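Residue numbers (the UniProt record's numbering): 1 to 274. Glycine is no exception: its CB is placed at the ideal position from the N, C-alpha and C atoms. Predicted model, so just to flag it, every value in this text is computed and none were measured. Here is the structure we will look at.
If you want it as structure tokens, here you go:
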């Protein structure tokens, strides 16, 4: 159920500028008395959850295979560096047979019993051009399972932007159009020098920007989510279905990032580290 705490070896795989920026960001957290961060990664199957985790850690810590199913149960990866601990929880896809997989949600909740969620990363594909009823049902199910407060500790990450945008849209316009269906406000990543960071097709450095946004959510003033016995037993079950908290209201931060290169390399390298 737990995770073996290991030294963050993959940190050394990042470019020097990325390492410096991450040290700065984690240092600010430690100044606020925060020495550990737990990130829950959720979304439908095949959207790039595991590859996102591998890229953030800088190691192949969870398996990625384009031709086989994803993780069947939650897995927590823990890394420590200079007195700071990063925990990331990979989870099964939230859809089974075209419907919300409530069994997977219960499995995730039980795995997280007595753990604290500081940030929820909700991962989706940017090339899914519209938000449908199933997407709304997934967000509603997450809210019902963990309480509406979890949406105030959430960050949306869009992946798989290797396909050309529709209708000849540019890569600057396409993310905004895709996100408007989900969120009201878009917060773009920081501008970084291309030679010092892992760069997206539009010239932006995504790893430092994503970590910056994660820390922003973790310290946004809303309480972290403690998965206790009361939550596990469904204290809010009587409210299930009565109130839908849409993602456009609940998620306060957005980071649109292209990670197709990391995903492709992750699959190609197999057991090798980044």
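DSSP puts residue i in a beta bridge; with which residues?
i: residue 5; result: 78
i: residue 43; result: 123
i: residue 117; result: 225
i: residue 95; result: 100
i: residue 328; result: The displayed coordinates of the chain run from 1 to 274. Any statement about residue 328 would go beyond what the structure contains.
i: residue 37; result: 86
Quick one: is residue i buried, meaning 16 or more other Cβ sit within 10 Å of its Cβ, or exposed?
i: residue 122; result: buried
i: residue 82; result: exposed
i: residue 226; result: exposed
i: residue 39; result: buried
i: residue 16; result: exposed
i: residue 157; result: buried
i: residue 6; result: exposed
i: residue 9; result: exposed
i: residue 229; result: exposed
i: residue 213; result: buried
i: residue 144; result: buried
i: residue 32; result: exposed
i: residue 113; result: exposed
i: residue 220; result: exposed
Which whole-angstrom value is the C-beta distance of residue i and residue j, which I expect to be below 8 Å?
i: residue 105; j: residue 44; result: Not confirmed; about 13 Å, so no contact.
i: residue 147; j: residue 231; result: 7 Å
i: residue 109; j: residue 224; result: Wrong, their Cβ atoms sit about 15 Å apart, outside the cutoff.
i: residue 29; j: residue 22; result: 11 Å between Cβ atoms; not a contact.
i: residue 74; j: residue 85; result: Not a contact, Cβ separation roughly 18 Å.
i: residue 276; j: residue 42; result: The structure shown has nothing for residue 276, since the chain only spans 1 to 274.
i: residue 79; j: residue 57; result: 6 Å
i: residue 292; j: residue 119; result: No answer is possible for residue 292: the residues shown for the chain start at 1 and end at 274.
i: residue 100; j: residue 138; result: 6 Å
DSSP state of residue i, grouped into three classes?
i: residue 12; result: helix
i: residue 112; result: coil
i: residue 124; result: strand
i: residue 54; result: helix
i: residue 27; result: helix
i: residue 18; result: helix
i: residue 90; result: strand
i: residue 145; result: helix
i: residue 59; result: coil
i: residue 154; result: strand
Query raised in the report: Enumerated in chain order, which unbroken segments of the alpha helix (DSSP H) with a length of 4 residues or greater are wholly contained in the segment 205 to 241?
Result: 206 to 218 and 229 to 232
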